[in-house]
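Read through the structure below, which is laid out as structure tokens, and then see the notes.
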Amino acid sequence: MRIPKKKELLELQRKYRTDKKIGEVYGVPARLVAYWRAKKKIGAYSFPKYSEEKIQELWDRYGDDAKAGVELNISRAGFRQWRRRYDVNQKPLQLKLEQLELALPDTGRRKASRKETIVQKILARKSGLKKVEVGDVVYIEPDLAVSHGNAGRVIHFFDLLGAAKVWEPGKIVVVLDRIGAEDDHFPSHRAVREFIKKQKIRNFYDIGSGICYQVVLENSHVLPGQVALGVDSQAINFGAIGALGASLGYEEMAAAWATGRVWLKVPEATRVVINGRTARGVSAKDVALVLRHDLSPGNTTYRAIEIHGPAAASMPISDRLTITNCISSSGCKAVIVPFDDVAARFLRRTIKARFAPLAADTDAAYADEVELDISYLTPQVAHNNDFENVQPVEEVSGRRIDQVILGCCANGRIEDFEVMARILRGRHISREVRTMVVPGSRKVLSEALDRGFIRTLIDSGCIIMSPGCSSCAEAHSKFIESGERALTTGNPNCTEDLVAASREIYMASPATAAATALEGVIADPRKYVK
Amino acid sequence: MNRKIGGRVLRLGRDITLEWIALQQCPPLGEAPEAFSQLLEAGGSRQKRDFRKGDVIVAGGNFGMGQEPQLAVQALKAAEVPCVVAASFARAFYRCAINQGLPLIESLQAHEKISDGETVSIDFDKWEINCKRGAISFPSFPEIIGKIIESGGLIPYAKKSIGK
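Read top to bottom, the protein sequences are chains C and X.
Start counting the first sequence at 1; every next residue gets the next number (my numbering).
Start counting the second sequence at 1; every next residue gets the next number (my numbering).
Okay, here's the thing in structure tokens:
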């Protein structure tokens, strides 16, 4: 075999860089190439990937690390390192055409962007189409169909259809989180349990497991990029991990159980950008209340709401769930927080399954954009489900409260328990106020026990209820009498009946609720938060 | 489903809610069209409207907002409303109406061009509405919605598709 000349070796080195790769060209081990180099006095590779001229030229052209990086297919930080290496620091003097561009060039993606939102992408993938347009109707197989305490109603319609078997027992989840509707027309919980046994539905959670959507997320039945259906507006909560959660009627759920298909309209999307950082004592619930106030029906009706922005990206899943939960009553089809590291970490705790999240294109076409800066936000309170009337806690502080309800679906997670326990530790709630705590799920309750939060809450005088919607409904309806005022961390779903029965009810964050429980009047939590 | 329908028009504004029906403040609608007029009035349109059985409803945006869309659709069917034309529909109402086999047409133009009380005919083969001020075309139903409406609702359609 011919030994390559020095010139040839240099050329190959410039092209392939490593001995191993050069060796592959000749079919010899890297050791031999190194030996040749030593003989011909060629050092190890020293040609940088990008020359100084190239970096200088790109810098002059764009004057921006991110944009220049896109050209080389490297990150913003990557380009900055190259600049440091060559000491290219001066801002370009002349503005070039590229710098005047308003739109960022396609960020390193090979394929041309198709201007799609997350929901469009999810529905396109599910329907097997390349692209779906807003307004299209797709007929797809869902990844998950969730029914709650009213599963009896779904079974009623399922029997009407005359189907013998459900489409796929593994994709159906039933969580009995509440007592079924109070009439005799629909099968009871007993009939539901029999149905579950007969149809071999494995994912069944009997009473006491917790609130439906919390249980489903804790057990990772739904994954990012999937389509999950539910029978009430709370199905939207699946959006907190980057899935599409949509709500259906009982009939439709029965048809989905039987046929394994559902029709969904591709909605327009509203982009919500949350900027800034919350101050001490201000939580995701306050952000949610203000956001719900800022969103008009025009922004939300039949829309998918995508939540972006640095503040949203830094929120843990529990906070994201609080936000999706509070927006669910706004008439939107879905709320999605794009999948990111936070969601990945949350999922890694429970599962090892692979999943395929989807992100919106950077130039996706949104029907609307709503921006929210939360830097100067103070704790907020909403009165009687009226989101026009969300106001800072200072404006209503001092109003007497007869009952405080902590937890529920909007704020019944371990992180919320931590906040409440921190405020209530070593203190006793006011004798004038009843305080009930509804954990989101059995898992939350058990973790709160382990971490001593339950002990703190009991010692300070709270009543601990069992996890689930039934006890939440009970706390919200049975104990509040006419002429009394209540403050809850729940969402509009929980308080509907109270408002209909013309009781006064306020909605606030766990911190505000805990401070209120201590004082017996609506109180600002910031003085209790260190 | 009838491919050609027609009737007198009842023209309404935007954000019409039918949730009063759910609160059962009236006798069943099929029997008392006057009650239905009152409901529509309470639901957001300004003056009392003269509703007759079999009227085509033409409305502005966000038609059918509010809770209990199921009952709202049942009421419309009982009142023999053959079709609702609106600039846009609330989501729950849209799903419910399609699943119960009530055809809905989304058209902004129709709301602008059609006036109250005139007679229109709707052709589901040519996909156009014929009114005094000419023909207004609207997009054809997506395949699956066409099939569901054709079968008279989601339950009959699902029955058919599982072969019962």
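We put the beta carbon where it would ideally sit given N, CA and C, even for glycine.
Reduced DSSP category for residue i - H, G, I as helix; E, B as strand; rest coil
{"i": "C:Ile351", "result": "coil"}
{"i": "X:Ala135", "result": "strand"}
{"i": "C:Arg320", "result": "helix"}
{"i": "C:Trp263", "result": "strand"}
{"i": "C:Leu449", "result": "helix"}
{"i": "X:Gln24", "result": "Caution applies to X:Gln24, whose pLDDT of 46 falls short of 50 and renders its modelled position unreliable; the model cannot decide the point."}
{"i": "C:Lys197", "result": "helix"}
{"i": "X:Ser121", "result": "strand"}
{"i": "C:Ala334", "result": "strand"}
{"i": "C:His308", "result": "strand"}
{"i": "C:Asn389", "result": "strand"}
{"i": "X:Gly6", "result": "strand"}
{"i": "X:Leu104", "result": "strand"}
{"i": "C:Gly230", "result": "strand"}
{"i": "C:Gln13", "result": "helix"}
{"i": "C:His428", "result": "coil"}
Residue i versus residue j - alpha carbon distance
{"i": "X:Phe93", "j": "C:Arg451", "result": "46 Å"}
{"i": "X:Leu10", "j": "C:Phe204", "result": "48 Å"}
{"i": "C:Leu102", "j": "C:Ile336", "result": "Unreliable positioning characterises C:Leu102 in this predicted model, as indicated by a pLDDT of 47, which lies under 50. The coordinate reading is nonetheless provided below. Using only the alpha carbons, I get a separation of about 27 Å."}
{"i": "C:Ala313", "j": "C:Asp319", "result": "11 Å"}
{"i": "C:Asp386", "j": "C:Asp206", "result": "34 Å"}
{"i": "X:Gly163", "j": "C:Phe157", "result": "16 Å"}
{"i": "X:Gln74", "j": "X:Arg14", "result": "21 Å"}
{"i": "C:Ile3", "j": "C:Ser51", "result": "29 Å"}
{"i": "C:Ile505", "j": "C:Val521", "result": "13 Å"}
{"i": "C:Ile464", "j": "C:Arg455", "result": "10 Å"}
{"i": "C:Tyr26", "j": "C:Lys40", "result": "17 Å"}
{"i": "X:Ala158", "j": "C:Leu264", "result": "15 Å"}
{"i": "C:Arg345", "j": "C:Val437", "result": "28 Å"}
{"i": "C:Glu394", "j": "X:Asp55", "result": "52 Å"}
{"i": "C:Arg85", "j": "C:Met315", "result": "36 Å"}
{"i": "X:Lys147", "j": "X:Pro156", "result": "10 Å"}
{"i": "C:Val396", "j": "X:Glu112", "result": "45 Å"}
{"i": "C:Pro439", "j": "C:Arg425", "result": "18 Å"}
{"i": "C:Ala353", "j": "C:Phe238", "result": "17 Å"}
{"i": "C:Thr488", "j": "C:Arg178", "result": "19 Å"}
{"i": "C:Asp497", "j": "C:Tyr62", "result": "59 Å"}
Spatially closest choice to residue i from the options, by CA coordinates
{"i": "C:Ile305", "options": "C:Met436, C:Val282 and C:Gly331", "result": "C:Gly331"}
{"i": "C:Arg202", "options": "C:Gln234, C:Ala145, C:Ile211 and C:Ala256", "result": "C:Ala145"}
{"i": "C:Phe355", "options": "C:Arg425, C:Lys54, C:Ser482 and C:Gln226", "result": "C:Gln226"}
{"i": "X:Ile105", "options": "X:Ala90, X:Asp55 and X:Phe141", "result": "X:Phe141"}
{"i": "C:Leu244", "options": "C:Ala334, C:Gly298, C:Asn299 and C:Glu369", "result": "C:Ala334"}
{"i": "C:Ala500", "options": "C:Ser477, C:Tyr250 and C:Leu457", "result": "C:Ser477"}
{"i": "X:Gly60", "options": "X:Gly146, X:Thr17 and X:Pro69", "result": "X:Thr17"}
{"i": "X:Ser137", "options": "X:Ala97, X:Asn2, X:Ala87 and X:Ala110", "result": "X:Ala110"}
{"i": "C:Tyr213", "options": "C:Gly230, C:Lys5 and C:Val137", "result": "C:Gly230"}
{"i": "X:Cys131", "options": "X:Asn99, X:Val81, X:Arg3 and X:Val85", "result": "X:Val85"}
{"i": "C:Ala360", "options": "C:Pro338, C:Glu371 and C:Val137", "result": "C:Pro338"}
{"i": "X:Ile145", "options": "X:Gly101, X:Val81 and X:Ser121", "result": "X:Gly101"}
{"i": "X:Leu71", "options": "X:Asp123, X:Glu80, X:Cys96 and X:Pro82", "result": "X:Cys96"}
Cβ shell of residue i (< 6 Å), same chain only, five flanking positions each side left out
{"i": "C:Asn389", "result": "His383"}
{"i": "C:Val154", "result": "Ser147, Tyr250, Met253 and Ala254"}
{"i": "X:Ala90", "result": "Asn62, Gly64 and Met65"}
{"i": "C:Arg442", "result": "Ser209, Gly210 and Pro467"}
{"i": "C:Gly23", "result": "Pro29, Ala30 and Val33"}
{"i": "C:Leu445", "result": "Pro439 and Pro467"}
{"i": "C:Gly289", "result": "It should be pointed out that residue 289 of chain C corresponds to Leu in this sequence rather than to Gly. The residues are Gln380, Ala382 and Val390."}
Same chain only: Cβ atoms within 7 Å of residue i, ignoring 5 sequence neighbours per side
{"i": "C:Ala311", "result": "Ile274, Asn275, Gly276, Arg277 and Ile374"}
{"i": "C:Leu104", "result": "Note that C:Leu104 scores a pLDDT of 46, beneath 50, so its modelled location is shaky; the value from the coordinates is reported in the next line. Excluding residues within five positions, the ones whose Cβ falls inside 7 Å are Lys67 and Thr362."}
{"i": "C:Phe453", "result": "Phe417, Glu418 and Ala421"}
Nonlocal neighbours in the same chain, by C-beta distance under 8 Å from residue i, ignoring five residues either side
{"i": "X:Lys160", "result": "Ser151"}
{"i": "C:Lys15", "result": "none"}
{"i": "C:Leu161", "result": "Ala254, Ala255 and Ala258"}
Taking any Cβ of chain X, which residues in the region 57-75 of chain C have a Cβ under 8 Å from it, in chain order? Contact residues of the region 57-75 of chain C toward chain X are absent (C-beta to C-beta distance below 8 Å).
Name, going along the chain, the residues of the region 127-155 of chain C whose beta-carbon falls closer than 7 Å to a beta-carbon of chain X. When CB distances to chain X are screened at a threshold of 7 Å, the residues of the region 127-155 of chain C falling below it are Asp136, Val137 and Tyr139, in chain order.
Residues within the region 91-102 of chain X neighbouring chain C, beta-carbon criterion of under 9 Å: Considering only beta carbons, the part of the region 91-102 of chain X lying closer than 9 Å to chain C consists of Arg91, Ala92, Tyr94, Arg95, Cys96, Ile98, Asn99 and Gln100, in chain order.
Taking any Cβ of chain C, which residues in the region 68-84 of chain X have a Cβ under 7 Å from it, in chain order? When CB distances to chain C are screened at a threshold of 7 Å, the residues of the region 68-84 of chain X falling below it are Gln70, in chain order.
Would you list, in chain order, the members of the region 254-285 of chain C that have their beta-carbon closer than 7 Å to a beta-carbon of chain X? Listed in sequence order: Ala255, Ala258, Thr259 and Trp263.
Listed in chain order, which residues of the region 143-161 of chain X have Cβ atoms closer than 7 Å to some Cβ of chain C? Residues Ile144, Ile145, Leu154, Ile155, Ala158, Lys159 and Ser161.
Which residues of the region 288-312 of chain C have a Cβ closer than 7 Å to any Cβ of chain X? Give them in chain order. For the region 288-312 of chain C, the set of positions with a beta-carbon nearer than 7 Å to some beta-carbon of chain X reads Pro297, Thr301 and Tyr302 in chain order.
Can you give me, in chain order, the residues of the region 161-172 of chain C that have a beta carbon less than 7 Å from any beta carbon in chain X? When C-beta distances to chain X are compared with 7 Å, the residues of the region 161-172 of chain C below that value are Leu161, Gly162 and Ala163, in chain order.
Contacting positions in the region 314-344 of chain C - beta carbon closer than 9 Å to chain X: Flagged, chain order: Gly331, Cys332 and Lys333.
In the region 409-437 of chain C, which residues sit with their C-beta less than 7 Å from some C-beta in chain X, listed in chain order? Those residues of the region 409-437 of chain C placed with their C-beta closer than 7 Å to a C-beta in chain X do not exist.
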